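Everything in the sequence shown is counted per the numbering used here, starting at 79 for the first residue and increasing by one. Beta carbons are placed, not taken as given, at the ideal position from N, Cα and C, and that holds for glycine. Fair warning: this is a prediction, and the values are worked out from it, not measured in the lab.
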Amino acid sequence: IGLLVTRAEVTTRGEKEVNDFYVTHATGNPVDSKTVDVFRTEIWQTILQVKENSDHPKCPPREIIA
C-alpha cells in the first residue's frame, strides 16, 4: 500500500512488548485514515492501536502499536 517506515521502536513495558512504527506514504505525505483501515483489515490480522503524532514538523506520521 506504499507505506514508508520512518522510525521503528521496540520496547517493553512491564511484561508487554510494544512495537511502535512511524509511517508516511512512500511519497512523504501523511497516511490517511482509509489507508490505515486497509492496512488494518488486509495486512495486519492482530489488534492495532493507531495514534496521531504531532512531533513531526512536515507531515505527522501515525504510530501503530501492536
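query	result
So is T102 buried or exposed if we call it buried at 16+ other beta carbons inside 10 Å?	buried
With DSSP run on the structure shown, which of helix, strand or coil describes D115?	helix
Using a 10 Å radius around the Cβ and a threshold of 16 neighbouring Cβ atoms, would you call V116 buried or exposed?	exposed
Which residue's Cα is closest to the Cα of N97: V83, T119, T113, V114?	V83
Can you grab the Cα-Cα spacing for the pair L81 / R91, in whole Å?	27 Å
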